[in-house]
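The listed protein sequences correspond, in order, to chains A and B.
Numbering-wise, this note's numbering comes out as the position in the first sequence, counting from 1, plus 7.
Numbering-wise, this note's numbering comes out as the position in the second sequence, counting from 1, plus 32.
Virtual Cβ for every residue (Gly too), placed ideally from N, Cα, C.
Below: one structure, written as structure tokens.
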Amino acid sequence: MSNTAITVEDISKRFGKTQALKTNFSIKVSTGDSLAILGANGAGKTTLMRIILGLSIPDEGTISLNGLHPSNPASRIGIRYLPERISFPKWATPLEMYRQFERVRHEGREMDFLHRAKNLGCEDLLDRKLGKMSKGQRQRIAVALMTCGTPKTVFLDEPSSGLDPAGRMLVRSTVAELVDSGVTVILNSHLLGEVEKVCNRAAFIHNGALVAHDRLEDLSRFKGNVVIDSADPVSMKKALNNLGIVKEKTLVYPLASQDGFAHFTELVAQSGVEFTGIKLHKESLEDIFMRIMEGETDVS
Amino acid sequence: MFLNALEHMTRRKLLLIVGILSLFYLLLFWRGIASATPDSMEIEGGLPASNADIAYAALSIAGSMLSVMVWGLTIILGASVLPDEMEAGRMSIWAALPHSRFKLYVATTLAPLLVSVVTGYILFGLTALITSFYAPFTPTNIPLALISMPIWLSATWAFVVLFSMIAGKIPAMLITFILEGFAVGMGNMVELAKAVPDLHESTFYTVARIVTFILPFERGYRSVQMGLLPKASMLEEALAFMGFGGELPMWEIIYPAVWATALFFVGYKIFQKKDL
Numbered sequence: 008m009s010n011t012a013i014t015v016e017d018i019s020k021r022f023g024k025t026q027a028l029k030t031n032f033s034i035k036v037s038t039g040d041s042l043a044i045l046g047a048n049g050a051g052k053t054t055l056m057r058i059i060l061g062l063s064i065p066d067e068g069t070i071s072l073n074g075l076h077p078s079n080p081a082s083r084i085g086i087r088y089l090p091e092r093i094s095f096p097k098w099a100t101p102l103e104m105y106r107q108f109e110r111v112r113h114e115g116r117e118m119d120f121l122h123r124a125k126n127l128g129c130e131d132l133l134d135r136k137l138g139k140m141s142k143g144q145r146q147r148i149a150v151a152l153m154t155c156g157t158p159k160t161v162f163l164d165e166p167s168s169g170l171d172p173a174g175r176m177l178v179r180s181t182v183a184e185l186v187d188s189g190v191t192v193i194l195n196s197h198l199l200g201e202v203e204k205v206c207n208r209a210a211f212i213h214n215g216a217l218v219a220h221d222r223l224e225d226l227s228r229f230k231g232n233v234v235i236d237s238a239d240p241v242s243m244k245k246a247l248n249n250l251g252i253v254k255e256k257t258l259v260y261p262l263a264s265q266d267g268f269a270h271f272t273e274l275v276a277q278s279g280v281e282f283t284g285i286k287l288h289k290e291s292l293e294d295i296f297m298r299i300m301e302g303e304t305d306v307s
Numbered sequence: 033m034f035l036n037a038l039e040h041m042t043r044r045k046l047l048l049i050v051g052i053l054s055l056f057y058l059l060l061f062w063r064g065i066a067s068a069t070p071d072s073m074e075i076e077g078g079l080p081a082s083n084a085d086i087a088y089a090a091l092s093i094a095g096s097m098l099s100v101m102v103w104g105l106t107i108i109l110g111a112s113v114l115p116d117e118m119e120a121g122r123m124s125i126w127a128a129l130p131h132s133r134f135k136l137y138v139a140t141t142l143a144p145l146l147v148s149v150v151t152g153y154i155l156f157g158l159t160a161l162i163t164s165f166y167a168p169f170t171p172t173n174i175p176l177a178l179i180s181m182p183i184w185l186s187a188t189w190a191f192v193v194l195f196s197m198i199a200g201k202i203p204a205m206l207i208t209f210i211l212e213g214f215a216v217g218m219g220n221m222v223e224l225a226k227a228v229p230d231l232h233e234s235t236f237y238t239v240a241r242i243v244t245f246i247l248p249f250e251r252g253y254r255s256v257q258m259g260l261l262p263k264a265s266m267l268e269e270a271l272a273f274m275g276f277g278g279e280l281p282m283w284e285i286i287y288p289a290v291w292a293t294a295l296f297f298v299g300y301k302i303f304q305k306k307d308l
């Protein structure tokens, strides 16, 4: 079985005068990857997702989903899609909606849905009409409907939209659970802090063009410092030539190159001062996002 | 998917409204027909009306009202089925499930047609049944009436579904209502020409004939009438001078079904390429 879940080759898409995705847009997603699609509003993130799923037809280029063209229904076996905006029928209960989806996908058991709903804190809403729920409650149900059972690939477009912090946390742990169980996850979200916690890859789209696509750790640049967690950062500073800045229980120490990190770790260990952690200070996803969106597309 | 679409259709408030209106109409009709006796009615020349005449009159009048109701239901349901699902964002979820676009299109759009046809059967059937209690009659051709019902409604349905994808829900409803009215008028003209042969020479007749081919919305309804109305009624001839009723050759009965099928596939071609 191929380990490529999605292949997008040289696609472009235009809506009237707007070039939603520019020519030669290509991207590959391996099975089990968790890819964040990032970019400013209107960059083309949702369009990309919809093209991969066959919901939108590209003007040119080829798509392969599970090794098949998206127009082939078999390509969507095990695929789940949660769009950014969905309005369920007001008369339906979550269980009724689940049964409607299962009439077509034949992939899960009602138990799986109940389990997922419980994990998302909405098990007591299953018999309530969707029209009588708040936006956040409906969103939790939507996430449960689209992530339950044994999906192969899950497309989530702003899954935390309209959720309170507790809801966001539950959605995040649901996504993390999917990732841990080997499900390919394609996530479109503006909550970079959450994306950073669950995704291992990111694709940055800027004005319809793919400007960066790599593993998160490879996209993140070294910021010239090492952060050492220690109960006594002052003694640590003294032991390391009195360099660096003490911030609460950490010492931020300058390091010319990340290549010297292993050697530096040995020095810290030999200093005799206790420490609980040591890591390179690298860009956060937010830093990367801002750098790329400000036009610096060279991420090497 | 068809069951899903049907469930969405049947749980719409519109159907409840149609149900209540239908019940109200049937009760009124019951009262009306119950008070009609052959003695209470006489036709041209002072001859007493037969049961067939009463049934003919009752079913003609009721049929016009019912046809508007069932037509309206078909237009509203047909015009809204695809735009409503797309607007709500549900169509993209349905389309992301493992079935083909053709299956999705067929299942989604056939549901409103089925609802309309069943509503038509119920309303016309009950009306004929109530009529037969008070004015026993023999319909001309029941199988023809049964077959013609889906043919009649499928022409409207195929047109309004197709147009809803091009112009949107409300414009599709309005345009279909207007064109249907126009087509009915032209259809009456064509039937009138059968009773007044001189009309065949007029340009107006030619235009009317062309319109009934381009927009065969009312041909099917005429075949429903042809099948349901009693044959041995003297009113038939009298009403022919108003463009009412009329017999259609077989090809004209089948033609709306062919037309609807063609439009249905044109609609699918649009749906196939549509961003959902």
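Contact note: residue 33(B) reaches chain A through 110, 111, using a C-beta cutoff of 8 Å and chain order.
Taking 7 Å as the Cβ-Cβ cut-off, the segment 15-30 of chain A has no residue approaching chain B.
Boundaries of the alpha helix (DSSP H) around residue 269(A): 268-277.
Boundaries around residue 146(B) are those of the alpha helix (DSSP H), 133-166, since no beta strand (DSSP E) includes it.
Boundaries of the beta strand (DSSP E) harbouring residue 208(A): 208-213, taken from the DSSP string. By the beta-carbon neighbour count (other beta carbons within 10 angstroms, threshold 16), residue 123(B) is buried. Counting only residues of its own chain and dropping the five nearest sequence neighbours on each side, residue 201(B) has a CB closer than 8 Å to the CB of 111, 112, 115, 116.
About 4 Å separates the beta carbons of residue 252(B) and residue 183(B), which is inside the 8 Å limit, making them a contact pair. Per DSSP, the beta bridge partners of residue 164(A) are 195(A). Residue 232(B) is outside the set of residues whose beta carbon lies under 8 Å from a beta carbon in chain A. As summarised for the segment 78-129 of chain A, the continuous beta strand (DSSP E) elements at least 3 residues long and confined to that stretch are 86-89, given in chain order. Residues of chain B whose Cβ lies closer than 8 Å to the Cβ of residue 88(A) are, in chain order, 124, 125, 128. Between the alpha carbons of residue 33(A) and residue 268(A) lies a distance of about 35 Å.
Taking a cut-off of 8 Å for Cβ pairs, the segment 64-80 of chain A and the segment 193-210 of chain A do not touch, as fewer than three such pairs fall below it. The residue among 240(B), 282(B), 185(B) with its C-alpha nearest the C-alpha of residue 109(B) is 185(B). Annotation: Cβ neighbours of residue 81(A) in chain B (cutoff 9 Å, chain order): 130. Assignment of beta-bridge partners to residue 232(A) by DSSP yields 261(A), 288(A). Within its own chain, the residues whose Cβ lies closer than 7 Å to the Cβ of residue 26(A), once the five positions on either side in sequence are excluded, are 215, listed in chain order. Residue 305(B) has a beta carbon lying within less than 8 Å of a beta carbon in chain A. Contiguous alpha helix (DSSP H) elements confined to the segment 50-136 of chain B occur at 83-119, 122-127, taking only those with 4 or more residues.
Per DSSP, reduced to three states, the secondary structure at residue 242(A) is helical. One alpha carbon belongs to residue 221(A), the other to residue 212(A), and they sit about 12 Å apart. Ranked by Cα distance from residue 208(B), the options 35(B), 98(B), 107(B) are led by 107(B). Taking all protein chains shown into account, residue 98(B) has 16 or more neighbouring C-beta atoms within 10 Å of its C-beta and is therefore buried. Note that the segment 287-302 of chain B touches the segment 188-198 of chain B; at least 3 beta-carbon pairs, one per stretch, sit closer than 8 Å. DSSP places residue 220(B) within a helical segment (H, G or I) once states are collapsed to three. Ranked by Cα distance from residue 189(B), the options 102(B), 43(B), 66(B), 52(B) are led by 102(B). Residue 166(A) counts as buried, since no fewer than 16 other beta carbons sit within 10 angstroms of its beta carbon.
A residue is called buried when at least 16 other Cβ atoms come within 10 angstroms of its Cβ; residue 171(B) meets this threshold and is buried.
Taking the Cα of residue 123(A) as reference, the smallest distance to any Cα among 139(A), 180(A), 257(A), 142(A) is reached at 180(A).
Between residue 222(B) and residue 244(B), the C-beta gap is smaller than 8 Å, which places the two residues in contact. At a Cβ-Cβ threshold of 8 Å, residue 90(A) and residue 242(B) do not count as neighbours. Residue 178(A) is a Cβ neighbour of residue 170(A), given a cutoff of 8 Å. For residue 65(A), no Cβ of chain B is located within less than 8 Å of the residue's own Cβ. Secondary structure of residue 48(A) (DSSP, three-state): coil. Under the 8 Å criterion on CB atoms, residue 93(A) is classed as interfacial with respect to chain B.
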